[in-house]
Amino acid sequence: MKKNQTLENAIAAIPSGAVVMVGGFGNPGTPFSLINELVRQGQTDLTLIKNDANEPGHGLSRLIENGQVRKLITTHIGLNKGVIDLMNQGVLEVEFHPQGMLAEKIRTAGAGSFGFLTDIGIDSEITRPEDLLEWQGQTYKVEMALPADYALIHAAQADGLGNLLYQGSAINFSPLMAMAANHVIVETPDLGVPGRFKPEQVHTPGAFVDSVVPLESLTSDYGILEHHVRR
Amino acid sequence: MKKNQTLENAIAAIPSGAVVMVGGFGNPGTPFSLINELVRQGQTDLTLIKNDANEPGHGLSRLIENGQVRKLITTHIGLNKGVIDLMNQGVLEVEFHPQGMLAEKIRTAGAGSFGFLTDIGIDSEITRPEDLLEWQGQTYKVEMALPADYALIHAAQADGLGNLLYQGSAINFSPLMAMAANHVIVETPDLGVPGRFKPEQVHTPGAFVDSVVPLESLTSDYGILEHHVRR
Amino acid sequence: MSAAERILSRAVSEIIPGSIVNLGIGLPTQVIHYLPDDFDVQIHSENGILGAWKQSAPEAMDPFLIDAAGAYVSLREGASLFDSAVSFAIIRRARLDLTMIGAFEVDALGNLANWKIPGKFSPGIGGAMELAQKTKRIVVLTTHTDKQGRPKILKNCRLPLTAKICVNRIISDLAVMDVAAQGLVVREKLVQISDADLQAQTEAELTFATRGAES
Amino acid sequence: MSAAERILSRAVSEIIPGSIVNLGIGLPTQVIHYLPDDFDVQIHSENGILGAWKQSAPEAMDPFLIDAAGAYVSLREGASLFDSAVSFAIIRRARLDLTMIGAFEVDALGNLANWKIPGKFSPGIGGAMELAQKTKRIVVLTTHTDKQGRPKILKNCRLPLTAKICVNRIISDLAVMDVAAQGLVVREKLVQISDADLQAQTEAELTFATRGAES
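Residue numbers (the working numbering), protein chains in the order written: chain A, 4 to 234; chain B, 4 to 234; chain C, 91 to 305; chain D, 91 to 305.
Shown next as structure tokens:
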């Protein structure tokens, strides 16, 4: 299994200055172990692409708090006041997109296309005149594809060919990012041999995956966040 | 289960002149029972969208041979000399697209977008000058979304909420068409109750499906084509 | 009953059995807890769920299953899970029957502002624009006035819009109002509030066509 | 050995163990039957398969599992099945290591024509354009001349192109040629054919750098 790698080697492939996509919507799907190793190795000047910034002290937020991030491309960081403050202080550059547009920009890169025509937000302040295209008598907003150098992905299960299965609401951006990044690094607590999955049920075919890092166990990062439990 | 319908009622919703997508790549995924009912009911002036025209006397070819089709939007009809002849005689209008572009045009409609920017075929005779867009210093080909009024889909399994699972190479265009058509009609030999599927393994969420027609059995149409068996 | 409880209790009867409904972050996600356990609805959550349901007891809670607001949820029989592109395809293809959504401001034309207060609050756009722009029916759940008592239901929104002319109905703690050609039409209101009092707490001009009253 | 058998036998050694390979309709799909049963390769079929393998015995054949040419196939351990959009995403994102493809014409620049003979044969485009334009390495499998003995390996293609400057190598029944800066370079050829004879059956100018010979 050439795709089976150590945490250290897999993350060492990422240079400072890289554009890195990170799967996950809130906690589910966030590759905490890969992120924590990236914090440990200390690459800087990163551009990160993730739905959100996780919550203070967790996941993506650790990279930002640690000063490793130049720019964040995201959709909503409402659960992370610390990151909002860094944005307001001008320490961190933040670029916001509507959530489905962020997904579709990533997926467009993943499909090997360069952009798409939409009407989302076309009447709102997020659309600049230079984003508009007159085409065959209609006006569209052009959204450009958003590719990346690396993607960091958490999969519930994987095999040695890099085939991936996700679980619960942890699917979210992960299969899209696995298509869109030039080098895809996956962590999983459950790496097995090829043949373990029904072929129709593979979420991400191994063709998109470059390295798989088996995790011995899931740390507390992956557990229940008490403040999201209804009292 | 309001989505459980008879073959007759489900197909009767389709008027003459409709634009109809049909799933399947060759035999696998072709909804033969829905097509045969459309032949029986005799709606005319149809625009059909399918990867291929099936083979003479089978599936889509029957609708064309029966004179019900005005236009076929497809990618390759090399296994159907009869349909090629009708095209060459000018009886049937045929519009060809590169296979992945056809898939992506359908998927773009299914994503609620209007078109996408590509470089596929940009240097070939399939690209007209009016398809080209200069944008931010680059030249792209604009491929417009391809939506439809109806989609006819074969699913291996379904539940009463319209959740679908496909099998083998019968996935192909079906999940894309289920997203792209305004009214989605599904046939399945295996309709069961909600809760039968692992939620992560649903290929098409029921939100995209309008009617499900249970089939009592699969006719010989769905069986092995002897001339594709290696001697 | 608190203002929030009044809004949520009333919101329940907006949901047509058998429909597909998205519940926005904030008040709307709370609606799920006001629904009878056997109510026939499929709740869509834009992080990739169709068929989200009430939070399980702590011992059965799945850390890999949250709604778009971060709260742990469970799944109903027949639920499906999918990626964010498919989730927003459901939204943009108008396969949702109803979205209930919060508001900073909403106005007589049905314009909605709920994503940004310049200089004060701009955590991002999330799924709001696509939900507001593409769902067949939008019902806003909001307190009638803000914490300072200022109207949130305006003649014209002043904050950056989420989407133009998208709101069909507003459910506040004081009244239920439809966005109609002639402006806002009051369909229901609290019995203890007079037409004049309600108008006084509303910047938009109201037409009264109440078919009865709430308690 | 027939011309086809010579091409197919030679084609096998183009496949690097561990790689992902698409086999185009026609001669290339036959390569699968020339591979050792335990050969480490993932065959991609554009109708939605990664891990296609040799046809099963008739009693085990799955009517819902064909390759892009319509032939029934089996699956290897670790295969995955997906929709056509994902399948072509794999192609356009250059996740294929190699595509073997047929040709009507191929030329000294590496241009490929294999989809249309105007007025005679135009069954459609299929997956050829995307495969030819986007795969990292394209190897053409073709007879050296057509049935009338006319060269198929030309100075410049005359038919409508599938893709420009895309071919890396040509394997014919007579020789193996690389597309290089200086034109076509012959790497291998049949022992029984002289350089002059090979050139006579080739419109494009050949440079000879044979490293040995095939039988």
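We put the beta carbon where it would ideally sit given N, CA and C, even for glycine.
Being a predicted model, the structure only gives us computed values, none of them experimental.
Asked                                                                                                           : Found
Buried versus exposed call for A/His231 [16 or more other C-beta atoms within 10 Å across all chains shown]     : buried
Cross-chain neighbours of B/Ile174 in chain A, by beta carbon under 8 Å                                         : Glu203
Pick from A/Asn30, A/Met24, A/Tyr143 and A/Phe211 that is closest to A/Ala1, judged by C-alpha positions        : The requested residue 1 of chain A is not part of the displayed model; chain A covers only 4 to 234.
Coarse secondary structure for D/Thr119, derived from DSSP in three states                                      : helix
Bridge partner(s) assigned by DSSP for A/Asn7                                                                   : A/Val215
B/Ser19 burial status per 10 Å Cβ neighbour count (16 or more: buried)                                          : exposed
Cutoff 8 Å: B/Ala210 Cβ touching any chain C Cβ                                                                 : yes
Of the listed residues C/Phe211, C/Glu149, C/Val176 and C/Thr252, nearest to A/Glu229 (C-alpha basis)           : C/Glu149
Same chain only: Cβ atoms within 7 Å of D/Ser305, ignoring 5 sequence neighbours per side                       : Below a pLDDT of 50, predicted positions are generally treated as unreliable, and D/Ser305, at 41, falls in that range; the measurement from the model is reported next regardless. Here the set comprises Val281.
For A/Thr77, the residue or residues it bridges with in DSSP                                                    : A/Phe99
Cβ neighbours of C/Glu220 in the same chain (closer than 7 Å, five flanking residues each side left out)        : Phe178, Ile181 and Arg182
Outcome for B/Leu135 when other beta-carbon atoms lying within 10 angstroms are tallied against a minimum of 16 : exposed
Beta-bridge partners of D/Trp143, as assigned by DSSP                                                           : D/Ser164
Continuous alpha helix (DSSP H) stretch holding D/Gln223: start and end                                         : Ala218 to Lys224
Nearest-angstrom Cα separation, counted from B/Thr121 out to A/Lys108                                           : 14 Å
Beta carbon proximity, C/Phe178 to chain A, threshold 8 Å                                                       : yes
D/Val266 and D/Phe298 closer than 8 Å at C-beta                                                                 : no
Alpha-carbon spacing of A/Met4 relative to A/Asp213, whole angstroms                                            : At A/Met4 the pLDDT is 43, less than 50, meaning the model places this residue with poor confidence; the figure from the coordinates comes in the next sentence. Cα-Cα distance, rounded: 11 Å.
Three-state secondary structure assigned by DSSP to C/Glu304                                                    : No answer about C/Glu304 holds up, because its pLDDT of 48 lies below 50 and its placement is not dependable.
Local conformation of A/Tyr225 per DSSP, three classes                                                          : helix
6 Å Cβ shell around B/Ser220 - same chain, five flanking residues per side excluded                             : none
Under the three-state DSSP convention, the category C/Ser135 falls into                                         : strand
Buried versus exposed, by CB contacts within 10 Å (16 or more), A/Val189                                        : buried
Nearest-angstrom Cβ-Cβ length linking A/Gly81 and C/Gly217, presumed shorter than 8 Å                           : So it is not a contact: roughly 12 Å between Cβ atoms.
D/Arg100 Cβ short of 7 Å to the ligand PLP heavy atom set                                                       : Ligands displayed in this structure: none; no statement on the ligand PLP is therefore possible.
Range of the contiguous alpha helix (DSSP H) that encloses C/Thr178                                             : With the sequence shown as reference, residue 178 of chain C is identified as Phe, and Thr is not the correct amino acid for it. Counting along the chain, the alpha helix (DSSP H) containing C/Phe178 begins and ends at Ser174 to Arg182.
Closer than 8 Å to chain C by CB, B/Met182                                                                      : yes
Cβ of B/Phe28 within 8 Å of any chain D Cβ                                                                      : yes
B/Leu105 in three-state terms, based on DSSP                                                                    : helix
In DSSP terms, what A/Asn175 is bridged to                                                                      : C/Asp173
Minimum Cβ-Cβ distance from C/Ser305 to chain A less than 8 Å                                                   : Its pLDDT being 42, under 50, C/Ser305 is placed unreliably in this model, and the coordinates cannot settle the point.
Candidates B/Gln139, B/Phe28 and B/Asn166, of which the one nearest C/Gln132 by Cα                              : B/Asn166
Amino acids of chain D, ordered along the chain, whose beta-carbon sits closer than 8 Å to that of A/Gly195     : Those do not exist, as A/Gly195 stays about 10 Å from chain D at its closest Cβ, beyond 8 Å.
Nearest-angstrom Cβ-Cβ length linking B/Leu75 and B/Leu51, presumed shorter than 8 Å                            : 5 Å
Cβ separation of B/Phe117 and B/Ala148, assumed to be a contact under 8 Å, to the nearest whole Å               : 5 Å
Beta-carbon separation (whole angstroms), D/Ser170 vs D/Gly141, contact threshold 8 Å                           : 6 Å
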